[in-house]
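Below you'll find the structure, written out as C-alpha cells, and then a few comments.
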Amino acid sequence: MVSIRKATLEDIESIHLIETLIFNKGSYPLFVLRQLYDISQDYFYVAEEHQQLIGYVLGNVVKNTNQGWILSLGVHPDARGKNLGRQLTEQLLETLEHELSTEICLTVHPDNTSAIRIYESIGFINSTTYDAYYGANEPRLLMKKTLMSQPFNT
Ligand SMILES: CC(C)(COP(=O)(O)OP(=O)(O)OC[C@H]1O[C@@H](n2cnc3c(N)ncnc32)[C@H](O)[C@@H]1OP(=O)(O)O)[C@@H](O)C(=O)NCCC(=O)NCCS
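If you're matching positions, the sequence shown starts at 1 in the UniProt record's numbering and goes up one per residue.
Here's what the structure looks like:
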C-alpha cells in the first residue's frame, strides 16, 4: 500500500535519485535538496510503497505576500498513472491552504500534459506564458490557484 507522509532527512538521498532519474541535467543537486529540506520541510512530502520512495512534492510559502509555491513534483516512471502525482499535489495544497496563502503558484512546461491535467483539475489556471523562464528554449507556464481564505493579518 502506498503512503503519503512528510519527508525526513533520511529520505533526501532517495529523493535525489528519483530527481536525477526524472530531470537528468535539470535536477536539483543533492546539496540543494538538503538545503531545501532545511527551509521547506513543512512542505515536503514523499510517497512510499514497500519502504521504497516512489515520489515526492516540495513547496514553500513567501511569508510577506502569503503566496504558496509548488516547487517540484516527481513520481518514479515505474509508479506513474496510479494517481500518486495528484495525491502528492493535493497533500501539499492542503498544507499550503492551511497556512492561509492567498494564492498558490507553480511553473510547468507547456507540453507536460499529465502535470497540467493534475493542476487544472484542482483549480490552477494559466496566468503567464514565459518563452524563456529558465533561459533560452525553456518555456514555462506560470499557473496560479486563488484561494478563498484571506491572511489573518489583513
Ligand atoms: C507529472 C507526474 C508527477 C504525474 O504523476 P502520476 O502519478 O503519473 O500522475 P497521476 O497518476 O496522478 O495522473 C495525473 C494525470 O495525468 C494523466 N496521465 C498519466 N500519464 C499520462 C500520459 N502519459 N499522457 C497524458 N496524460 C497522462 C492521467 O490520466 C491523470 O489525468 P486524469 O486524472 O485526468 O486522468 C509524473 O508524470 C512525473 O513525475 N513527471 C516528470 C516530472 C514532472 O513533470 N513533474 C511536474 C513538473 S511541473
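Backbone N, C-alpha and C fix where the C-beta goes; we use that ideal spot for every residue, glycine too. Model, not experiment: these values are computed from the prediction.
Query raised in the report: L36 and V57: beta carbons closer than 7 angstroms?
Result: For the purposes of this step, residue 36 is identified with residue 36 of the sequence shown, where counting begins at 1. For the purposes of this step, residue 57 is identified with residue 57 of the sequence shown, where counting begins at 1. Taking 7 angstroms as the Cβ cut-off, L36 and V57 do not qualify as a contacting pair.
Query raised in the report: Helix or strand or just coil, what does DSSP make of F23?
Result: On the sequence shown, residue 23 is found 23 positions in, with the first residue counted as 1. For F23, the secondary structure class from DSSP, reduced to helix, strand or coil, is helix.
Query raised in the report: Just the Cα atoms here: how many angstroms apart are L84 and S121?
Result: Residue numbering aside, residue 84 sits at position 84 when the sequence shown is read from its first letter. Residue numbering aside, residue 121 sits at position 121 when the sequence shown is read from its first letter. Rounded to the nearest angstrom, the two C-alpha atoms are 14 angstroms apart.
Query raised in the report: Roughly how many angstroms separate the alpha carbons of T17 and S101, rounded to a whole number?
Result: One-based indexing of the sequence shown puts residue 17 at position 17. One-based indexing of the sequence shown puts residue 101 at position 101. In the sequence as presented, Thr is not what sits at residue 17; that position holds Leu. One Cα belongs to L17, the other to S101, and the distance between them is close to 31 angstroms.
Report task. Output the residues surrounding ligand 1, defined as those with a CB atom closer than 6 angstroms to any ligand heavy atom, in chain order. Result -> Sorted by chain position, residues whose beta-carbon lies closer than 6 angstroms to a non-hydrogen atom of ligand 1 are I22, L73, G74, V75, R80, G81, K82, N83, L84, G85, R86, V108, N112, T113, S114, A115, R117, I118 and S121.
Query raised in the report: Do the segment 55–75 and the segment 105–123 make contact, defined as three or more Cβ pairs closer than 8 angstroms?
Result: Yes, since at least three Cβ pairs between the segment 55–75 and the segment 105–123 fall closer than 8 angstroms, the two stretches touch.
Requested in this report: Check whether the Cβ atoms of G55 and L96 sit closer than 7 angstroms, and answer yes or no.
Outcome: Along the sequence shown, one-based indexing puts residue 55 at 55. Along the sequence shown, one-based indexing puts residue 96 at 96. Contact flag unset, no.
Query raised in the report: If V61 sits next to E99, beta carbons under 8 angstroms apart, how far is it from one beta carbon to the other, in whole angstroms?
Result: Against the sequence shown, residue 61 aligns to sequence position 61. Against the sequence shown, residue 99 aligns to sequence position 99. At roughly 5 angstroms, the Cβ-Cβ gap stays under 8 angstroms, so V61 and E99 are in contact.
Report task. Please report the Cβ distance between residue 214 and S27, rounded to the nearest whole angstrom; I am assuming they are in contact, meaning their Cβ atoms lie under 8 angstroms. Result -> Outside the shown range of the chain (1 to 154) lies residue 214, about which nothing can therefore be said.
Query raised in the report: For A132, is the classification buried or exposed, using 16 other Cβ atoms within 10 angstroms of its Cβ as the cut-off for buried?
Result: Counted from its first residue, the sequence shown places residue 132 at position 132. With a threshold of 16 other beta carbon atoms within 10 Å, A132 falls short and is exposed.
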